[in-house]
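Quick notes on the structure that follows.
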Amino acid sequence: MKSAVETLDPTKVKLTVEVEYDELKPSIDHAYKHIAEQVNIPGFRKGKVPPRIIDQRVGWGAVVEHAVNDALSNFYRDAVTAESLRPLGQPEVEVTEVPAKAGEGQLAFTAEVEVRPEITLPDLSGIEITVDAAEVTDEDVTERLDALRERFGTLVGVDRPAVEGDYIVIDLKAVIGDEEIDSVSGVSYQIGAGNMLEGLDEALTGLSTDETTTFATKLAGGEHEGEEAQVTVTATAVKERDLPTPDDDFAQLASEFDTLEELTADLREQVASIKTSNQAVAARDLLLEKLLEAVEVPVPSGAVEAEVHRHLESESRLEDDEHRAEVTVDATKALQNQILLDTLAEKLEVQVGQGELVEYLVQASQQYGMDPNQFISTLDQGGQIPAMVGEVARSKALAVALRDIEVKDADGNVVDLTEFIGTEEEDAAAAELEGAEVAESAEVAESAEASEETPEETAKA
Numbered sequence: 001m002k003s004a005v006e007t008l009d010p011t012k013v014k015l016t017v018e019v020e021y022d023e024l025k026p027s028i029d030h031a032y033k034h035i036a037e038q039v040n041i042p043g044f045r046k047g048k049v050p051p052r053i054i055d056q057r058v059g060w061g062a063v064v065e066h067a068v069n070d071a072l073s074n075f076y077r078d079a080v081t082a083e084s085l086r087p088l089g090q091p092e093v094e095v096t097e098v099p100a101k102a103g104e105g106q107l108a109f110t111a112e113v114e115v116r117p118e119i120t121l122p123d124l125s126g127i128e129i130t131v132d133a134a135e136v137t138d139e140d141v142t143e144r145l146d147a148l149r150e151r152f153g154t155l156v157g158v159d160r161p162a163v164e165g166d167y168i169v170i171d172l173k174a175v176i177g178d179e180e181i182d183s184v185s186g187v188s189y190q191i192g193a194g195n196m197l198e199g200l201d202e203a204l205t206g207l208s209t210d211e212t213t214t215f216a217t218k219l220a221g222g223e224h225e226g227e228e229a230q231v232t233v234t235a236t237a238v239k240e241r242d243l244p245t246p247d248d249d250f251a252q253l254a255s256e257f258d259t260l261e262e263l264t265a266d267l268r269e270q271v272a273s274i275k276t277s278n279q280a281v282a283a284r285d286l287l288l289e290k291l292l293e294a295v296e297v298p299v300p301s302g303a304v305e306a307e308v309h310r311h312l313e314s315e316s317r318l319e320d321d322e323h324r325a326e327v328t329v330d331a332t333k334a335l336q337n338q339i340l341l342d343t344l345a346e347k348l349e350v351q352v353g354q355g356e357l358v359e360y361l362v363q364a365s366q367q368y369g370m371d372p373n374q375f376i377s378t379l380d381q382g383g384q385i386p387a388m389v390g391e392v393a394r395s396k397a398l399a400v401a402l403r404d405i406e407v408k409d410a411d412g413n414v415v416d417l418t419e420f421i422g423t424e425e426e427d428a429a430a431a432e433l434e435g436a437e438v439a440e441s442a443e444v445a446e447s448a449e450a451s452e453e454t455p456e457e458t459a460k461a
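Sequential numbering from 1 applies to the sequence shown in full-length UniProt numbering.
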């Protein structure tokens, strides 16, 4: 097979492929066999019709068409691999030549396809990244302690106007014109939550028990989405959360510690860990941002359009032009990030271990609320595991890149992110361990296979 590539633009190429008859012959033989099983020709049993009879009765054109349809995708894939292309979509294929008769000629075709563009990344050592300092203040610890007290607090009724943070038991009715479109009764709502109706927080603030008010709001969902409704709301009870006193008794109730001092020391460590983790996330985001600023990443329009169509179709919003524009911006940015990170992963020769992939898949399964084994099986059946490997590689590429960059905080101190980005030594040790486990599994399988000899084979031995 011969192949050649013509670059049409930075994100699109034309692949020309020529396949000798001998390489196509297995598919031609398969075509003869398949057609022989389908046709009824007097004097011949199904499946036993000779090729020359098929040529006479069915025609060489049908045979070669069947063979080309059967083999084309494999030849295309082989040519893509040989030319080191990285397709980002489905190709537009045109068959330009087929064998004129059995034993003579060749298959030739062209394929235009969008590909990942070639981009040149800057020297990582020249990139400077500054993140917020991870200093833990007393206010941070107090905030953490108050959140813990909230979990153990109790709601008590109060005889005063409601303020932000209070819990209100409400009866609510919404009408459009003379039509009542919704109503609820006895619902508890915290002022400031902002998760029911726009304007509800303002309407409830200042209400006392058994007081009623009315306000106008635009509905955010349902069959009346976007319409304005008049909402009447009554506060049937006003409650505040009574927090337990922060003392040794509370420490024993809310934690494994005996004293408040021990509890606050642990909370301080938790805040420090969270802030350091936030530094790692910020460093990764800033690195990606700086790389995007330093490199122009061409984006294939067809791949963007395909993703936009898929997204809108899943939401049944293909005719929503305003939403289409928003999704197009997001899809373009996502594809730019993917192209840049794939290039970075290749440059850094990032390898994804089985353990890393499994860890990622287990976390993803939890986000979807699925059993990990079922989730992985579903992805495997859909051929999506390679895409998941790509996701892990892209994420790991940023972590590996940060090993070559000095990250400082706002005070000029060097930030140690080793806990989050790992080291080359750790990667090598993990790869060695994984290799040993694979070898051990292969040895066990080989031993099991050897032990499954038939009685005759055992007797001969």
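We put the beta carbon where it would ideally sit given N, CA and C, even for glycine.
Item                                                                                                                                                                                         : Value
Any idea which residues DSSP pairs R241 with across the strands?                                                                                                                             : L155
Starting from the C-beta of I176, find all residues in its chain whose C-beta is less than 7 Å away, skip the five residues before and the five after it, and write them out in chain order. : H224, E227, A229
Cβ atoms of V115 and L145: under 8 Å apart, would you say?                                                                                                                                   : no
According to DSSP, is D171 helix, strand or coil?                                                                                                                                            : strand
Is the separation between the beta-carbon of V400 and that of K408 shorter than 8 Å?                                                                                                         : no
Do you know how far the Cα of V362 is from the Cα of M370?                                                                                                                                   : 9 Å
How long is the line joining the alpha carbons of L335 and I274, rounded to whole angstroms?                                                                                                 : 30 Å
Drop a sphere of 10 angstroms on the beta-carbon of A220, count the other beta-carbons inside from all chains shown, and report buried for 16 or more, exposed for fewer.                    : exposed
Evaluate the contact criterion for the region 10 to 24 versus the region 100 to 110: three or more CB pairs, one atom per stretch, below 8 Å.                                                : yes
Which class does P372 belong to by DSSP, given the choice of helix, strand or coil?                                                                                                          : helix
Going by the beta-carbon positions, is the gap between L340 and V389 smaller than 8 Å?                                                                                                       : no
Measuring alpha carbon to alpha carbon, tell me which of I405, S84, T154 ends up nearest G126.                                                                                               : I405
Using the rule of at least 16 other Cβ atoms within 10 Å of the residue's Cβ for burial, across every protein chain shown, is V68 buried or exposed?                                         : buried
Any contact between the region 241 to 250 and the region 153 to 173? By contact I mean 3 or more CB pairs, one from each, below 8 Å.                                                         : yes
Taking the alpha-carbon of K2 as reference, which of V80, I35, G47, A134 has the nearest alpha-carbon?                                                                                       : V80
Applying the 10 Å Cβ sphere with the 16-neighbour rule, what's the burial state of F75?                                                                                                      : buried
Are there 16 or more other CB atoms within 10 angstroms of the CB of V281, so buried, or fewer, so exposed?                                                                                  : exposed
Between the C-alpha atoms of P51 and E65, what's the straight-line distance to the nearest angstrom?                                                                                         : 15 Å
From E315 to V58, what does the alpha carbon distance come to, in whole angstroms?                                                                                                           : 47 Å
By the three-class DSSP mapping on this structure, what secondary structure does K460 have?                                                                                                  : Any reading at K460 needs caution, since the residue's pLDDT is 49, under 50, leaving its predicted position unreliable; the model's value is listed next. DSSP places K460 in helix when its eight states are reduced to three.
Do you know how far the Cα of E326 is from the Cα of E83?                                                                                                                                    : 36 Å
If we ignore side chains and look at the alpha-carbon of each, how far apart do A251 and D140 end up?                                                                                        : 18 Å
Hey, quick one: how far does the alpha helix (DSSP H) through D201 stretch, first residue to last?                                                                                           : 200 to 204
Express the C-alpha separation of S277 and A134 in angstroms, rounding to a whole number.                                                                                                    : 9 Å
What residue range is occupied by the uninterrupted beta strand (DSSP E) comprising V187?                                                                                                    : 179 to 190
What residue from T142, L197, G222 has the CA that sits closest to F215's CA?                                                                                                                : L197
Return the residue from the list T343, A203, A283 that minimises the CA-CA distance to P117.                                                                                                 : T343
Run through DSSP, which three-state label would Q90 get?                                                                                                                                     : coil
What span of residues does the beta strand (DSSP E) with F215 cover, start to end?                                                                                                           : 211 to 218
Which residue marks the beginning of the alpha helix (DSSP H) containing V358, and which one marks its end?                                                                                  : 354 to 367
Report the partner residues of K408 according to the DSSP bridge assignment.                                                                                                                 : T130, V414
Beta-carbon separation of L288 and L398 under 8 Å?                                                                                                                                           : yes
Hey, how far is the Cα of E104 from the Cα of V49?                                                                                                                                           : 22 Å
Can you list, in chain order, the residues of its chain whose CB lies under 7 Å from that of A459, leaving out five sequence neighbours each side?                                           : Annotation note: pLDDT 46 at A459 (below 50); position unreliable, no value reported.
Following a CB-centred definition, is N278 positioned closer than 7 Å to any heavy atom of the ligand ATP?                                                                                   : With respect to the ligand ATP, the structure offers nothing, as it holds no ligand at all.
Whose CA, out of G194, E179, E23, T142, lies closest to the CA of Y167?                                                                                                                      : G194
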